[in-house]
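Novice: First the structure, then my questions, so here it is.
Number of protein chains: 4
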Amino acid sequence: MESAPASPVGAEPARPRPGRPRSERARKAILDAATEVLFNEGFDALTAEGVAQRAGVSKATIYRWWPSKAAVAVDAFVLAVQPQVPDRDVGDVRRELADPALVQLRLYRDTPVGTALASLVAAGQSDPEVADALRTRWLGPRRAQALHAVTRAKERGQLRSDVDGEVVLDLIFGPIYYRLMTGHAPLDDSLVGVLVDALLHGLAPDGRLPA
Amino acid sequence: MESAPASPVGAEPARPRPGRPRSERARKAILDAATEVLFNEGFDALTAEGVAQRAGVSKATIYRWWPSKAAVAVDAFVLAVQPQVPDRDVGDVRRELADPALVQLRLYRDTPVGTALASLVAAGQSDPEVADALRTRWLGPRRAQALHAVTRAKERGQLRSDVDGEVVLDLIFGPIYYRLMTGHAPLDDSLVGVLVDALLHGLAPDGRLPA
Amino acid sequence: MESAPASPVGAEPARPRPGRPRSERARKAILDAATEVLFNEGFDALTAEGVAQRAGVSKATIYRWWPSKAAVAVDAFVLAVQPQVPDRDVGDVRRELADPALVQLRLYRDTPVGTALASLVAAGQSDPEVADALRTRWLGPRRAQALHAVTRAKERGQLRSDVDGEVVLDLIFGPIYYRLMTGHAPLDDSLVGVLVDALLHGLAPDGRLPA
Amino acid sequence: MESAPASPVGAEPARPRPGRPRSERARKAILDAATEVLFNEGFDALTAEGVAQRAGVSKATIYRWWPSKAAVAVDAFVLAVQPQVPDRDVGDVRRELADPALVQLRLYRDTPVGTALASLVAAGQSDPEVADALRTRWLGPRRAQALHAVTRAKERGQLRSDVDGEVVLDLIFGPIYYRLMTGHAPLDDSLVGVLVDALLHGLAPDGRLPA
DNA sequence: AGATAAGCGAGACGGTACGTCCAGTCTTTAC
DNA sequence: GTAAAGACTGGACGTACCGTCTCGCTTATCT
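Protein chains in written order, with the working numbering: chain A, 1 to 211; chain B, 212 to 422; chain C, 423 to 633; chain D, 634 to 844.
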């Protein structure tokens, strides 16, 4: 799904091929237009025709560089949403887990990112490539960061070392995505608190909770 | 969204109105056809035209009773998937919470119900009525049942009484739906175990876990 | 096409048959409703459903008594438009031919009858029964009347006796219907004058015309 | 109504516009298909879906170039039926008027053109654009030609100069269209003879008729 | 300088499904 | 038996996008 890299990973510095070079202007215009629609109206208001028109670009140019409109959407999404919180070792499991979770939760609740992401996850149900791209380019990086915190917590003895770190991540992110996708309850800040409490101490009533 | 009930809730026993009665045959054929497509190919392979043809019914008949193909899909889904586990008071929080969760997890993993549900949640992102119907007719009932178990656990002193029961449900179902929708990891039985462990005792390494 | 006579030709006076008698109210309501639509909006704005609703009648009742909506329309048309000018022997070909032609021309020009008739002739192109009914019940009677005048004119020696009377009628009515159906020119009164002039004296310039 | 001309009247020779050029193949296939249906089964057996399928063309392509199926039909009709008789000055009113009339009469009687034309005139009753297109593109040209003959006849002193030429045309074409549309009598060749006799000399019995 | 090789905007194309509409028929209960 | 109510099949309507295609033109490198 990842398509049309502006600068390929192991890029030779400007290895020029014959023919007219790709228009950087067009690439940006397409992504901008897609971003705007995706974040304001959601994925399925996003039509190739609409993006082309808005970007002042021909449909063919879109399909020359992306295999489908879904691919454009994922690219647009990932590029538009910057990673927010750098992972730092602060010695405190609680903060290292809760902080990034809270940042994401607020991002989904307070900005159009939530709607956009939800509509992409939705699109992923019928388009495996979208699902894949989303996992690789959005979920993956965010989980990887959180996984570091989990690993450090284990090393510090703050978390059982026999528990699969991946599952721990699911316990944190699961409820957030669940609310995002089903909308049965709002994404309150408090959710993260309870989440981490449960994770660390359980919710049984025996006073092991922090003050 | 709930449309065209076979027998209304407080239904008088066969109060016949003038006019040709609704064809029970057509109703069933439509729902059967929709179910078949939905469970085998997912929501967006489901077309009104296809259902009509498969059911030997005219498109107009579908639209007479359901406002959109999405409404048909939800009806078909809910009617096809029967509640599996009755809620009983067995005195054990662990089992009362884990058992229904496990049943659902396996249902989503081992049968086409998972795909169907995922595609409906997806459809809900762009169709608020689908989202609503899904909450009311699928998520709601299942959460209500689990909520009883949570309430009993609080009464027995097995769960902190100051924690919002709804949030507890999110901690249980969230990770399951998260995996279902994003597919980043399979729906292993073990997930439920860790889930409930965390919920009750936390995952900190202090031996408070059950043998 | 002629259907559902209110009182059959050789009608026995109220020979009561078993069962509920036909509702005269329904019959009239249907024809009235059809008339209203036909004359105001034309034949193809006339729908069976619309007539039924307007008449407070069920569609089945319409189709029990008329074979198609076209049949209803023809009935409605013929019943609504009364014959206007009685044929009388006044000794003057010119008046005997021109007067009824002028009456018809004005009827088509100044009342909704024109539009209704045109739309029925149109319907007749694809429905032979409509065409037939129209010939039998509308064109026929009017031609028959005019034919009497033609016959009298021949007897009086005012018209060549070797000319087919039917063709004479076509010369009179043809131009009127032509303008009615194609609308390339309005139905001016003067048309009839020229028509009859030509018929009797020709349009060659030799002074044989009346003062 | 006139749509999508193959080559505009005052066309610059091959002024290429940007974009994929219109498919001549599709244009022809559509018109051919429409012609075939129109002439064999009449206008209201003509469906956009049918034409599309028969022409191996998508429905959208039809609607891109014609505003309605009626517009396609008129185009198909006019293109399929070539003008048959050139107007020439032969000095003889009788022939100059009777010949084209006879050609048209036979065309309507002996070929499917009659049915097709009748069904288009019919369609014109409910679709003003069809009526208009028909007047402009079919009736008009044929009347214009005949009008020249009438004008010449006036100049030669063979026809009264105070009579509206347009009305003369109605006297000729009216009866033909009348029979075509109502079908009360066949389109015999003899009709034209009587028609022109009447026009020139009248049908009064005074021996002014030609041998 | 010319040949060659893309990229690009424009916009037409075949296809598929949408949701609507109406004809004419059928199936009930009510009179 | 007839009426009213109203559900049913069937099939066309015109619209909206999809992803592909074919143009003429532009912008580069390669010879």
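We put the CB at the ideal spot given by N, CA and C, even for glycine. No experiment lies behind these values; they were computed from the predicted model shown.
(1) Identify every run of the alpha helix (DSSP H) within the region 460-490 of chain C, keeping only runs that are complete inside it and at least 4 residues long; order them along the chain.
(2) Quick one: list the residues of chain B neighbouring G202 of chain A, beta-carbon separation under 7 Å, in chain order.
(3) If contact means a Cβ-Cβ distance below 7 Å, which residues of the region 773-786 of chain D contact chain C?
(4) Report the CB separation of L593 of chain C from V496 of chain C in whole angstroms; it is logged as a contact under 8 Å.
(5) By the criterion of Cβ-Cβ separation under 7 Å, what are the contact partners of L735 of chain D in chain C?
(6) May I ask which residues mark the beginning and end of the alpha helix (DSSP H) holding Q526 of chain C?
(7) In whole angstroms, what is the alpha-carbon distance linking V825 of chain D and A626 of chain C?
(8) My assumption, with CB atoms under 8 Å, is that L602 of chain C sits in contact with A540 of chain C. Please give the rounded CB distance.
(9) Going by DSSP in three states, L89 of chain A sits in which element: helix, strand or coil?
(10) Within a Cβ cutoff of 7 Å, which residues of the same chain sit near Q145 of chain A, ignoring the five residues on either side of it in sequence?
(11) I'd like to check one pair, L792 of chain D with A786 of chain D: are the Cβ atoms closer than 8 Å?
(12) Smallest Cα separation from G376 of chain B: which of B:A396, B:R354, B:V262 and B:R320?
(13) Check whether the Cβ atoms of G385 of chain B and L200 of chain A lie closer than 8 Å to each other.
(14) With H, G and I counted as helix, E and B as strand and the rest as coil, what does DSSP make of P175 of chain A?
(15) Let's see if you can read the secondary structure: which residues bound the alpha helix (DSSP H) around G351 of chain B?
(16) Could you tell me the alpha carbon to alpha carbon distance between V827 of chain D and D743 of chain D, rounded to whole angstroms?
(17) Residues of the region 235-268 of chain B in Cβ contact with chain A at a cutoff of 7 Å, in chain order, please.
(18) Taking Q715 of chain D as part of the alpha helix (DSSP H), name the residues at either end of that continuous run.
(19) Can you tell me the Cα-Cα spacing of A198 of chain A and D303 of chain B, whole angstroms?
(20) Measure from the alpha carbon of V500 of chain C to the alpha carbon of each residue in C:V552, C:V525, C:V589 and C:S583, then state which is nearest.
(21) Taking the alpha-carbon positions, what's the A34 of chain A to S58 of chain A distance?
(22) For the region 696-729 of chain D, which residues have a beta carbon sitting closer than 8 Å to at least one beta carbon of chain C?
(23) Can you tell me the Cα-Cα spacing of M747 of chain D and R655 of chain D, whole angstroms?
(24) Mind checking if D189 of chain A is an interface residue toward chain B, Cβ cutoff 8 Å exclusive?
(25) Put V796 of chain D into one of helix, strand or coil per three-state DSSP.
(26) To be precise: take each residue of the region 150-179 of chain A, compare its Cβ to all Cβ atoms of chain B, and keep it if any distance is under 8 Å. Which residues remain?
(27) Closest by CA to P563 of chain C, which one among D:H817, D:A782 and D:F676?
(28) So which of B:A263, B:D300, B:G368 and B:L313 has the shortest CA-CA distance to D399 of chain B?
(29) Quick check: V37 of chain A and G50 of chain A, are their CB atoms within less than 8 Å of each other?
(30) The alpha helix (DSSP H) that contains H455 of chain B, what's its start and end?
(31) Here's a check: name, in chain order, each residue in its chain whose Cβ is nearer than 6 Å to the Cβ of A687 of chain C, leaving out the five neighbours to either side.
(32) Expressed to the nearest angstrom, what Euclidean distance is found between the alpha-carbon atoms of R17 of chain A and A76 of chain A?
(33) So the candidates are C:A492, C:A502 and C:V512; which of them puts its Cα closest to the Cα of A571 of chain C?
(34) Mind checking which residues open and close the alpha helix (DSSP H) that includes D765 of chain D?
(35) Taking C-alpha atoms, which residue in C:V543, C:D584, C:S583 and C:P534 lies nearest to Y599 of chain C?
(36) Expressed to the nearest angstrom, what Euclidean distance is found between the alpha-carbon atoms of G579 of chain C and L802 of chain D?
Specialist: Walking through what the data contain:
(1) 470-477 and 481-487
(2) Locating residue 202 of chain A in the first sequence gives position 202, where the first residue counts as 1. Correct list: A409, L410, L411, H412 and G413.
(3) none
(4) Within the third sequence, the letter at position 171 stands for residue 593 of chain C. Within the third sequence, the letter at position 74 stands for residue 496 of chain C. Actually they are not in contact, since the Cβ atoms of L593 of chain C and V496 of chain C sit about 26 Å apart, beyond 8 Å.
(5) Translated into positions along the fourth sequence, residue 735 of chain D becomes position 102. Within chain C, no residue comes near L735 of chain D; the closest Cβ sits about 15 Å away, beyond 7 Å.
(6) Within the third sequence, numbered from 1, the residue matching residue 526 of chain C stands at position 104. Per DSSP, Q526 of chain C belongs to the alpha helix (DSSP H) from V515 to D532.
(7) For the purposes of this step, residue 825 of chain D is identified with residue 192 of the fourth sequence, where counting begins at 1. For the purposes of this step, residue 626 of chain C is identified with residue 204 of the third sequence, where counting begins at 1. About 17 Å.
(8) Locating residue 602 of chain C in the third sequence gives position 180, where the first residue counts as 1. Locating residue 540 of chain C in the third sequence gives position 118, where the first residue counts as 1. Beta-carbon to beta-carbon, L602 of chain C and A540 of chain C are separated by about 5 Å, close enough to satisfy the 8 Å threshold.
(9) Sequence index remark: in the first sequence, residue 89 of chain A carries index 89 (1-based). Looking at the sequence itself, residue 89 of chain A is Asp, so the reference to Leu does not match. In the structure shown, D89 of chain A falls within a coil segment according to DSSP collapsed to helix, strand and coil.
(10) For the purposes of this step, residue 145 of chain A is taken as the residue at position 145 of the first sequence. Excluding residues within five positions, the ones whose Cβ falls inside 7 Å are D87 and P100.
(11) Stepping through the fourth sequence from its first residue, residue 786 of chain D is reached at position 153. Stepping through the fourth sequence from its first residue, residue 792 of chain D is reached at position 159. Closer than 8 Å, so yes.
(12) The sequence position of residue 376 of chain B within the second sequence is 165, counting from 1. With distances taken between Cα atoms, G376 of chain B lies closest to B:R354.
(13) Counted from its first residue, the second sequence places residue 385 of chain B at position 174. Counted from its first residue, the first sequence places residue 200 of chain A at position 200. Cβ distance not < 8 Å, so G385 of chain B and L200 of chain A don't count as in contact.
(14) For the purposes of this step, residue 175 of chain A is identified with residue 175 of the first sequence, where counting begins at 1. Looking at P175 of chain A - three-state DSSP - the assignment turns out to be helix.
(15) Within the second sequence, the letter at position 140 stands for residue 351 of chain B. Where G351 of chain B is concerned, the enclosing alpha helix (DSSP H) stretches over G351 to R367.
(16) Position 194 of the fourth sequence holds residue 827 of chain D. Position 110 of the fourth sequence holds residue 743 of chain D. When rounded, the distance between both Cα atoms is 20 Å.
(17) G253 and D255
(18) Counted from its first residue, the fourth sequence places residue 715 of chain D at position 82. Segment: none, Q715 of chain D is in no alpha helix (DSSP H) and carries neither H nor E.
(19) Along the first sequence, read from residue 1 onward, the residue named residue 198 of chain A stands at position 198. Along the second sequence, read from residue 1 onward, the residue named residue 303 of chain B stands at position 92. If I take the Cα positions, the gap works out to 19 Å.
(20) The residue labelled residue 500 of chain C in the question sits at position 78 within the third sequence. Nearest C-alpha to V500 of chain C: C:V552.
(21) Here residue 34 of chain A refers to the residue found at position 34 when the first sequence is read from its first residue. Here residue 58 of chain A refers to the residue found at position 58 when the first sequence is read from its first residue. Whole-angstrom Cα-Cα distance: 14 Å.
(22) none
(23) In the fourth sequence, residue 747 of chain D corresponds to position 114, counting from 1. In the fourth sequence, residue 655 of chain D corresponds to position 22, counting from 1. First, the residue type needs correcting, since residue 747 of chain D is Gly and not Met in the sequence shown. In this structure, the straight-line span from the alpha carbon of G747 of chain D to that of R655 of chain D is close to 32 Å.
(24) As a first step, residue 189 of chain A is located in the first sequence; it is residue number 189 there, counting from the start. D189 of chain A does not count as touching chain B.
(25) Counting from one through the fourth sequence, the residue named residue 796 of chain D turns up at place 163. V796 of chain D: coil per DSSP, three-state reduction.
(26) G157, Q158, L159, R160, S161, V163, D164, E166, V167, V168, D170, L171, F173, G174, P175, I176, Y177, Y178 and R179
(27) Taking the third sequence and counting its residues from 1, one reaches residue 563 of chain C at position 141. It is D:H817.
(28) Along the second sequence, read from residue 1 onward, the residue named residue 399 of chain B stands at position 188. For the residues B:A263, B:D300, B:G368 and B:L313, the minimum Cα distance to D399 of chain B belongs to B:L313.
(29) What you label residue 37 of chain A is simply residue 37 of the first sequence in a count that begins at 1. What you label residue 50 of chain A is simply residue 50 of the first sequence in a count that begins at 1. Yes, these two residues count as a Cβ contact at 8 Å.
(30) Summary: the structure shown does not reach residue 455 of chain B, with chain B confined to residues 212 through 422, and so no result is reported for it.
(31) Chain C is shown only over 423 to 633; residue 687 of chain C falls outside these bounds and no answer can be derived.
(32) The sequence position of residue 17 of chain A within the first sequence is 17, counting from 1. The sequence position of residue 76 of chain A within the first sequence is 76, counting from 1. Just so you know, the alpha carbons of R17 of chain A and A76 of chain A end up roughly 27 Å apart.
(33) Against the third sequence, residue 571 of chain C aligns to sequence position 149. Closest option to A571 of chain C, Cα to Cα, is C:V512.
(34) Counting from one through the fourth sequence, the residue named residue 765 of chain D turns up at place 132. Element bounds for D765 of chain D: P761 to L767.
(35) Walking along the third sequence from the start, residue 599 of chain C turns up at place 177. Closest by alpha carbon: C:V543.
(36) Taking the third sequence and counting its residues from 1, one reaches residue 579 of chain C at position 157. Taking the fourth sequence and counting its residues from 1, one reaches residue 802 of chain D at position 169. Answer to the nearest angstrom: the Cα atoms are 28 Å apart.
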